[in-house]
Amino acid sequence: MILASWGLAFFEYCLMVPANRMGSDSMSGYQLKILQEAIKLVVFVCFAWLYLGESLRWNYVVAMLMILGAVALVFKTN
Numbered sequence: 006m007i008l009a010s011w012g013l014a015f016f017e018y019c020l021m022v023p024a025n026r027m028g029s030d031s032m033s034g035y036q037l038k039i040l041q042e043a044i045k046l047v048v049f050v051c052f053a054w055l056y057l058g059e060s061l062r063w064n065y066v067v068a069m070l071m072i073l074g075a076v077a078l079v080f081k082t083n
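Encoded structure:
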């Protein structure tokens with residue numbers, strides 16, 4: 006279980022660093038961080054559901070929709 010968790014974190018980190026470098030040309034640091042957290046949430050939810058066998062409750066879905074709303078809000082142009 007520990008190796009699977011660290012493997013997931015390592016894989017995520019290996020993708021995050023190059024993505025931040027490439028994304029900094031077209032997005033602000035705030036936008037990158039909020040988008041990164043949303044992606045991290047989606048990855049962890051899939052891991053918890055598929056590997057840990059946890060169920061997805063309604064309040065988790067509502068919280069995720071609010072985070073996706075934050076992503077939409079941060080990319081909204083004035």
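Going by this note's numbering, the first residue of the sequence shown is number 6, and it counts up by one from there.
Backbone N, C-alpha and C define an ideal beta-carbon position, used for all residues, glycine too.
None of these values were measured; they are calculated from a predicted model.
Opening and closing residue of the alpha helix (DSSP H) in which residue i lies
{"i": "Glu-42", "result": "34-55"}
{"i": "Leu-78", "result": "63-79"}
Own chain residues within Cβ distance below 8 Å of residue i, not counting five before or after
{"i": "Val-50", "result": "Leu-61, Tyr-65, Met-69"}
{"i": "Ile-72", "result": "Glu-42, Ala-43, Leu-46"}
{"i": "Met-32", "result": "Leu-40"}
{"i": "Gly-74", "result": "none"}
C-beta contact flag for residue i and residue j at 8 Å
{"i": "Val-76", "j": "Ala-43", "result": "yes"}
{"i": "Leu-13", "j": "Phe-52", "result": "yes"}
{"i": "Glu-17", "j": "Val-48", "result": "yes"}
Secondary structure of residue i, DSSP reduced to three states
{"i": "Met-6", "result": "coil"}
{"i": "Gly-89", "result": "Shown here, the chain extends from 6 to 83; a query on residue 89 therefore has no answer."}
{"i": "Gly-58", "result": "coil"}
6 Å CB neighbourhood of residue i in its chain, flanking five on each side removed
{"i": "Val-79", "result": "Gln-36, Ile-39"}
{"i": "Glu-59", "result": "Ala-53"}
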